[in-house]
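Engineer:
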Amino acid sequence: MGRHAHAPTRAGLLALAAILAATLTPTATRADEASGTWTGAVELRANYYWETSTRVVAPEVRARLVSPDGVQVDGSYLLDAITSASIAAGVQEDIRFTEVRNQGTLGVSREFDLGEAQLRLGTSGRVSHEPDYLATGITAYSTLSLNQRNTVLSLSLTYIHDNVGAVVRGGEARVDDTGRDLSDRGLQGQLEGITAGLTLSQVLSPQATVVVGYQLVQNWGFLQNPYRRASLSDNLVPEVHPGERTRNVLFGRLAYFVPETSTAFHLMYRAYMDDWEIGAITPEVRVYQMIGPSVVVRLRYRHYNQVNSFFYQDSYDGDPEFLSADQKMDRFYSHLFGVQLRFALDFLDRTPLSFLERSWIDMSFNYWNQTSRFGDGILAQAGIRAPF
Amino acid sequence: MRALGLTLLFATALGGCVTVAPYEREYLASPAMNAELEEGEGEFQAHVFDSREGATGGHGSTGGGCGCN
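Same order as they appear, the protein sequences are chains U and E.
Those letters in the first sequence? Residues 1 to 388, per my numbering, in order.
Those letters in the second sequence? Residues 389 to 457, per my numbering, in order.
Set out below in structure tokens:
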């Protein structure tokens, strides 16, 4: 399939514009118009990831605003500070470097009352920038709620366009007399993709829900890493991956609440397969225990198991069509164990901090055991979500 | 695709014979049942998983960068 076959068409862009226009049209049904108040939530998060060769610190702010006439605006900003050594980048030299990534998202949606059903239309955009990578994406989605919201059907379509660059990593920045950055090796290629998603959420009983979904992802363009080097006849050479990739994802989540013990069980499963012959399964179980109305303890176990792509080898000889040093292309499995504590700040009622009385705080710690060369990892997060 | 169709059909059939009224959703409204409360946490985790695993998806788009290639 050629690249031009995937380019966003004028019709597609017009469709996105139509969704945006429909979302903002004042003649639509207004869900909360009677109250006349703006509602929403602000969320502050701190994310931390550690493994032998990589550390990531990523503070984040997210906000949601809902107007009296039902227009919902979502935005977020995330700052990623990534300190990594050679193994994470996949190169063979021992270089440690730090990069900063800035990511912003903005979305708008609106729900329309169709009588027996409710239809939400929305669109969102995302920009992520770091010195050697610019990622952009736009999503259009619709959510149809039926049968008193017992059944919710969601459709989404995302287009991404990334500019993949390369810079000289490690050591001092190199500039000339005019201040021009000589470490910038420029654009290496472009990665594009389209993701189509379909999700069905269904209430099964007063205690059980199920979600099933399917995603089809088509990527094309520069799909290798400009820094990684594969071993070819004892020489290190740039990676060469196929120029296209078709990915299929089937996923589901079954949740059940036991009133007698205030315990919820969530069973999750994901099956993945692509035309690079990577197949993976991801079962996960989460157990939530309510302790009173204001405290939740969550335990989780996640297993991941994948088989290797058809072109991955530890080293190559002869004249192979594709070359890869990407650990994600190899066979491996992992186990993730996690615990989370989430509690409400309702005890702040009648204090100077009463504006936070409806807020929740969450803190989680996950230990990740991987058989890939990345090794074991730790994922820790904390956040506060304050509705208003 | 056949598995997907069967799964969707099964889920729809399960729910099609059940209507849970809003006033019956006390347990479904519990923080222990509301996956939306985990969206913020889940997006960063998905980003990490995408940068370390060959598979993707099932959790929304996580974006480029991060050496995910």
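Just so you know, even glycine gets a beta-carbon here, dropped at the ideal spot from N, CA and C.
Predicted model, so just to flag it, every value in this text is computed and none were measured.
Taking the straight line between their C-alpha atoms, what separation do you get for Phe311 of chain U and Leu134 of chain U?
Structural biologist: Phe311 of chain U and Leu134 of chain U: Cα-Cα distance of roughly 27 Å.
Engineer: On the CB-based measure, 16 or more other CB atoms within 10 Å of its CB, does Glu130 of chain U come out buried or exposed?
Structural biologist: So Glu130 of chain U counts as buried.
Engineer: What residues in its chain sit with their C-beta under 8 Å from that of Gly165 of chain U, if we drop five residues either side in the sequence?
Structural biologist: So the list reads Pro131, Asp132, Tyr133, Leu134, Asp184, Arg185, Gly186, Leu187, Gln188, Pro226, once near-sequence residues are dropped.
Engineer: Does the beta carbon of Ile278 of chain U sit closer than 7 Å to a beta carbon anywhere in chain E?
Structural biologist: By this cut-off, Ile278 of chain U is an interface position.
Engineer: Along chain E, which residues have their Cβ under 8 Å away from the Cβ of Asn150 of chain U?
Structural biologist: Within chain E, the residues near Asn150 of chain U are Gly403, Val406, Thr407, Val408.
Engineer: Quick check on Ala22 of chain U: does DSSP put it in helix, strand or coil?
Structural biologist: Low confidence applies to Ala22 of chain U: its pLDDT is 49, below 50, so where it sits in the model is not reliable enough to give any reading.
Engineer: Based on the DSSP output, what are the partners of Ala58 of chain U in its beta bridges?
Structural biologist: Ala58 of chain U is bridged to U:Asn47.
Engineer: Going along chain E, which residues have a C-beta under 9 Å from Glu260 of chain U?
Structural biologist: Per Cβ cutoff of 9 Å: no residues; Glu260 of chain U is ~11 Å from chain E at best.
Engineer: Are the CB atoms of Tyr214 of chain U and Leu250 of chain U nearer to each other than 7 Å?
Structural biologist: For Tyr214 of chain U and Leu250 of chain U, yes; Cβs fall inside 7 Å.
Engineer: Taking only the alpha-carbon atoms, compute the straight-line gap between Val406 of chain E and Val203 of chain U and give it to the nearest angstrom.
Structural biologist: Approximately 8 Å between the Cα atoms of the pair.
Engineer: Taking the alpha carbon of Leu198 of chain U as the reference point, which residue from U:Asp74, U:Val212, U:Gln207 has its own alpha carbon closest?
Structural biologist: Ranking the options by Cα distance to Leu198 of chain U, first place goes to U:Val212.
Engineer: Enumerate, from N- to C-terminal direction, the unbroken beta strand (DSSP E) stretches of 3 or more residues contained entirely within the segment 336-384 of chain U.
Structural biologist: Fully enclosed beta strand (DSSP E) runs of 3 or longer: 360-370.
Engineer: Just curious, the alpha helix (DSSP H) that Glu427 of chain E is in, first and last residue?
Structural biologist: Run containing Glu427 of chain E: 427-440, per the alpha helix (DSSP H) assignment.
Engineer: Answer with buried or exposed for Phe332 of chain U, where buried requires no fewer than 16 other C-beta atoms within 10 angstroms of its C-beta.
Structural biologist: Buried.
Engineer: Along the segment 41-52 of chain U, what residues have a CB closer than 7 Å to any CB found in chain E?
Structural biologist: The residues in question are Glu43, Arg45, Asn47, Tyr49.
Engineer: Please report the Cβ distance between Glu239 of chain U and Asp362 of chain U, rounded to the nearest whole angstrom; I am assuming they are in contact, meaning their Cβ atoms lie under 8 Å.
Structural biologist: Not quite, the Cβ-Cβ distance comes to about 39 Å (not below 8 Å), so this is no contact.
Engineer: Provide the residue span of the beta strand (DSSP E) that contains Met329 of chain U, from first to last.
Structural biologist: Per DSSP, Met329 of chain U belongs to no beta strand (DSSP E) and is neither H nor E.
Engineer: Within 10 Å of its beta-carbon, does Trp360 of chain U have 16 or more other beta-carbons around it, so buried, or fewer, so exposed?
Structural biologist: So Trp360 of chain U ends up on the buried side.
Engineer: Would you identify the three-state DSSP class for Glu412 of chain E, choosing helix, strand or coil?
Structural biologist: Glu412 of chain E falls in the helix class under three-state DSSP.
Engineer: Taking C-beta pairs closer than 9 Å, name the residues in chain E that Leu379 of chain U reaches, listed in chain order.
Structural biologist: Those are Phe432, Gln433, Val436, listed as they occur along chain E.
Engineer: Secondary structure at Glu111 of chain U, three-state DSSP: helix, strand or coil?
Structural biologist: Three-state result, Glu111 of chain U: strand.
Engineer: Please state whether the Cβ-Cβ distance between His241 of chain U and Gln224 of chain U is less than 7 Å.
Structural biologist: Closer than 7 Å, so yes.
Engineer: Can you find a C-beta in chain E that's less than 7 Å from the C-beta of Pro283 of chain U?
Structural biologist: Closer than 7 Å: no.
Engineer: Who are the near neighbours of Arg302 of chain U in its chain, counting only those whose CB is closer than 6 Å to its CB and skipping five residues on each side?
Structural biologist: Cβ neighbours of Arg302 of chain U beyond the five flanking positions: Glu284, Leu336.
Engineer: Per DSSP, what kind of secondary structure is Glu277 of chain U in: helix, strand or coil?
Structural biologist: Glu277 of chain U: coil per DSSP, three-state reduction.
Engineer: Return no unless some Cβ of chain E is closer than 7 Å to the Cβ of Val339 of chain U.
Structural biologist: No, no contact with chain E.
Engineer: Taking the alpha-carbon positions, what's the Thr25 of chain U to Ser109 of chain U distance?
Structural biologist: With a pLDDT of only 46 at Thr25 of chain U, under the threshold of 50, the placement of this residue in the model should not be trusted; the figure read from the coordinates follows. Approximately 11 Å, taken between the alpha carbons.
Engineer: When the Cα of Pro387 of chain U is compared with those of U:Val66, U:Val296, U:Pro59, which residue comes out closest?
Structural biologist: Here the closest residue by C-alpha is U:Val66.
Engineer: Is it buried or exposed, Ser439 of chain E, if we count other Cβ atoms within 10 angstroms and call 16 or more buried?
Structural biologist: Flag for Ser439 of chain E reads buried.
Engineer: Is DSSP giving Glu321 of chain U helix, strand or coil here?
Structural biologist: Glu321 of chain U: coil per DSSP, three-state reduction.
Engineer: Could you name the residues of the same chain whose beta carbon sits closer than 7 Å to that of Ala271 of chain U, not counting the 5 residues immediately before and after it, in chain order?
Structural biologist: Closer than 7 Å at the Cβ level, and outside the excluded window around Ala271 of chain U, lie Leu250, Ile281.
Engineer: Between Ser372 of chain U and the rest of its own chain, which residues show a CB-CB distance below 7 Å, the 5 nearest in sequence each way excluded?
Structural biologist: The residues are Gln327, Asp330, Phe332.
Engineer: What first and last residue would you give for the beta strand (DSSP E) that runs through Phe222 of chain U?
Structural biologist: First-last for Phe222 of chain U: undefined, no H or E at that position.
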